[in-house]
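Only one structure is covered here, and it is reproduced in the block below.
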Amino acid sequence: NAGVMQNPRHLVRRRGQEARLRCSPMKGHSHVYWYRQLPEEGLKFMVYLQKENIIDESGMPKERFSAEFPKEGPSILRIQQVVRGDSAAYFCASSPVDRGPQPQHFGDGTRLSIL
Amino acid sequence: DQQVKQNSPSLSVQEGRISILNCDYTNSMFDYFLWYKKYPAEGPTFLISISSIKDKNEDGRFTVFLNKSAKHLSLHIVPSQPGDSAVYFCAANALGQNFVFGPGTRLSVLP
Numbered sequence: 055n056a057g058v059m060q061n062p063r064h065l066v067r068r069r070g071q072e073a074r075l076r077c078s079p080m081k082g083h084s085h086v087y088w089y090r091q092l093p094e095e096g097l098k099f100m101v102y103l104q105k106e107n108i109i110d111e112s113g114m115p116k117e118r119f120s121a122e123f124p125k126e127g128p129s130i131l132r133i134q135q136v137v138r139g140d141s142a143a144y145f146c147a148s149s150p151v152d153r154g155p156q157p158q159h160f161g162d163g164t165r166l167s168i169l
Numbered sequence: 039d040q041q042v043k044q045n046s047p048s049l050s051v052q053e054g055r056i057s058i059l060n061c062d063y064t065n066s067m068f069d070y071f072l073w074y075k076k077y078p079a080e081g082p083t084f085l086i087s088i089s090s091i092k093d094k095n096e097d098g099r100f101t102v103f104l105n106k107s108a109k110h111l112s113l114h115i116v117p118s119q120p121g122d123s124a125v126y127f128c129a130a131n132a133l134g135q136n137f138v139f140g141p142g143t144r145l146s147v148l149p
């Protein structure tokens, strides 16, 4: 399967716990983007990463959220001390170029539920 | 401020007829536009794109029209099929900038 892989597909956490969402980009893609979708809303950009670098995190909440894309392994979106408002679908996308005139390809998302 | 708007939250069309989904944008710097289709519990799937140097791009049953002066694009699906029932997002960006997505239009194609 050469598509964007996200896991887990569903994640349930209690308030105050940590959530870790993983994303492996499409083969040959070195640009990774994270988006959040709240119910009945569109996709909101969170962060853009290349290997070992955060390029643009202008959409990330200032606290509790962090992202990384290490030299080896998947990209990780980490949410510390989760709150009810963090419940959403989190999508990862990848592309072969930096936000140029080429589509981004999406994974099937992680649905995060906070109890 | 919503830079990309899809003013119709939902649309119902009879099978075999044309579906027209609309999208408006406010940022005149946008030069690349895409449509994605999304089924429940799946990620968005790229459908078709258009750059600002064109005003039309066609791929099978799908055609995207771009009217730069009106800052408007539309997706035409003809003929519509029940399998086209999904949420459709338009998205736009300027070179080197993040994509901005609209809120989506839910299309229902009735058999």
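Sequence order for the protein chains is A and B.
According to this note's numbering, the first sequence holds residues 55 to 169 in order.
According to this note's numbering, the second sequence holds residues 39 to 149 in order.
Note that beta-carbon positions come from the ideal geometry of N, C-alpha and C, so glycine has one too.
Keep in mind the model is a prediction, meaning the values are calculated, not measured.
Check: What are the start and end residues of the beta strand (DSSP E) that includes Arg109(A)?
Finding: It is Ile, not Arg, that sits at residue 109(A) in the sequence shown. For Ile109(A), the enclosing beta strand (DSSP E) covers residues Asn107 to Asp110.
Check: Where do the N-terminal and C-terminal ends of the beta strand (DSSP E) with Ala132(B) fall, by residue?
Finding: Secondary structure note for Ala132(B): it is in no beta strand (DSSP E), with a DSSP letter that is neither H nor E.
Notebook entry, point to check: From this set, Ala73(A), Glu72(A), Tyr102(A) and Pro93(A), which residue's C-alpha is nearest Val86(A)'s C-alpha?
Noted result: Tyr102(A)
Notebook entry, point to check: In chain B, what lies closer than 7 Å to Glu95(A) by C-beta?
Noted result: Pro141
Checklist line | Among Leu72(B), Asn95(B), Ile58(B) and Phe71(B), the one whose alpha carbon lies nearest that of Leu145(B) | finding: Ile58(B)
Checklist line | chain B contact for His159(A) (CB, 8 Å cutoff) | finding: yes
Margin query: For Pro82(B), count the other beta carbons within 10 Å of its own beta carbon; 16 or more makes it buried, fewer makes it exposed. Which is it?
Written below: buried
Checklist line | Bounding residues of the beta strand (DSSP E) (the contiguous stretch that carries Val86(A)) | finding: His85 to Gln91
Notebook entry, point to check: CB-CB under 6 Å to Val51(B), same chain, minus the five flanking residues each way: which ones, in chain order?
Noted result: Sequence-distant Cβ neighbours of Val51(B) in its own chain, meaning closer than 6 Å and more than five residues away, are Ser57, Ser118 and Val147.
Note to self: Need the endpoints of the beta strand (DSSP E) that Ile56(B) sits in, please.
What the structure shows: Unbroken run through Ile56(B): none, as it is neither H nor E.
Notebook entry, point to check: Do we get a CB-CB distance below 8 Å when we pair Gly139(A) with the residues of chain B?
Noted result: no
Check: Val116(B): buried (16+ other C-beta within 10 angstroms of its C-beta) or exposed?
Finding: exposed
Margin query: My output table needs one value for Trp97(B): the three-state DSSP class, helix, strand or coil.
Written below: Here residue 97(B) turns out to be Asp, not Trp, going by the sequence shown. Strand.
Next item on the list: Determine which residues of the stretch 59-70 of chain B have a Cβ less than 9 Å from any Cβ of chain A, and write them out in chain order.
Entry: Asp69 and Tyr70
Item checked: Any C-beta of chain B under 8 Å from that of Gly163(A) -> At a cut-off of 8 Å between beta carbons, Gly163(A) contacts chain B.
Notebook entry, point to check: How about Gln158(A) and Phe137(B): do their beta carbons lie closer than 8 Å?
Noted result: Cβ distance < 8 Å, so Gln158(A) and Phe137(B) count as in contact.
Item checked: Short-range partners of chain A found in the stretch 81-93 of chain B, where Cβ spacing is below 8 Å -> Gly81, Pro82, Thr83, Phe84, Ser87 and Ser89
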